[in-house]
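Asks:
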Amino acid sequence: MKIGNAYRFAPVLAAAIALSACNQSQQAANPADGAANTAVGAHQDAREDIMHDWGAASKEMNAMLKDPSSFNADNFRAAAKKLDQDAWVHFPAGSEGGDAKPEIWQNPTAWQQEIDKYKQAVAALNTAAQSATSAADVQAQFNDVGASCKSCHQQFREK
672 MKIGNAYRFA PVLAAAIALS ACNQSQQAAN PADGAANTAV GAHQDAREDI
722 MHDWGAASKE MNAMLKDPSS FNADNFRAAA KKLDQDAWVH FPAGSEGGDA
772 KPEIWQNPTA WQQEIDKYKQ AVAALNTAAQ SATSAADVQA QFNDVGASCK
822 SCHQQFREK
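In terms of our numbering, the sequence shown has 758 at position 87, counting the first letter as 1, and numbering is strictly consecutive.
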């Protein structure tokens, strides 16, 4: 092949190189988008982890309430305190997905009302737990927390 023929293919080679650059993944082409996707996933994971902690703590407290002879005030207080974690910071705009329904972001007023009900119920449970010496001392407040969770899940959690 003559050198002159090689120059005939130079435009084709340049076009091929340019087109191959267009075939980059979106994350590589725009690293900020990849970071945003990671942040969204981190928020979803964090809120699910906190709610799983809530579930485990609730299960522990419920066992003590079902069998009042197993009630341990210190363990109950520690479990109730776990319900005070702030999962709500992990629901920023743009973090839709997971088990969260879009209604969270579409109806922020109703969402905030559910958050407020939960926080009030947990505060009342923690207050009652501070002086509790028996399961009967915290049963009503525990039931209120459970009702709050159920209400929120009915409106804002995918089944």
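Even for Gly, the Cβ is constructed at its ideal location relative to N, Cα and C.
Source: prediction; values computed, not measured.
How many Å lie between Gly-705 and Asp-770 at the Cα?
Replies: Your numbering for residue 705 matches position 34 in the sequence shown. Your numbering for residue 770 matches position 99 in the sequence shown. Low confidence applies to Gly-705: its pLDDT is 46, below 50, so where it sits in the model is not reliable enough to give any reading.
Asks: Going by other Cβ atoms of all chains shown within 10 Å of its Cβ, with 16 needed for buried, is His-723 buried or exposed?
Replies: On the sequence shown, residue 723 is found 52 positions in, with the first residue counted as 1. Exposed, by the Cβ-count rule.
Asks: Ala-744: which of Ala-818, Gln-783, Met-732 sits nearest, CA to CA?
Replies: In the sequence shown, the residue the question calls residue 744 occupies position 73. For the residues Ala-818, Gln-783, Met-732, the minimum Cα distance to Ala-744 belongs to Met-732.
Asks: Runs of 3 residues minimum, wholly inside the stretch 727 to 762: which ones carry the beta strand (DSSP E) assignment?
Replies: Correct list: empty.
Asks: How is Gly-817 classed by DSSP in three states: helix, strand or coil?
Replies: Start at 1 with the first residue of the sequence shown, and residue 817 comes out as number 146. Here Gly-817 sits in helix by DSSP.
Asks: With a threshold of 16 other CB atoms inside 10 Å of the CB of Val-621, please say whether the residue is buried or exposed.
Replies: Residue 621 lies beyond the stretch modelled for the chain, which goes from 672 to 830, so this question has no answer here.
Asks: Helix, strand or coil: how does DSSP classify Ala-803 here?
Replies: Locating residue 803 in the sequence shown gives position 132, counting from the first residue. DSSP places Ala-803 in coil when its eight states are reduced to three.
Asks: So, is Ser-819 buried or exposed, given that buried needs 16 or more other C-beta atoms within 10 angstroms?
Replies: As a working mapping, residue 819 is identified with position 148 in the sequence shown. Label assigned to Ser-819: buried.
Asks: By DSSP's criteria, Arg-633 is part of a beta bridge. Which residues make up the other side?
Replies: Only positions 672 to 830 of the chain appear in this structure, which leaves residue 633 out of reach.
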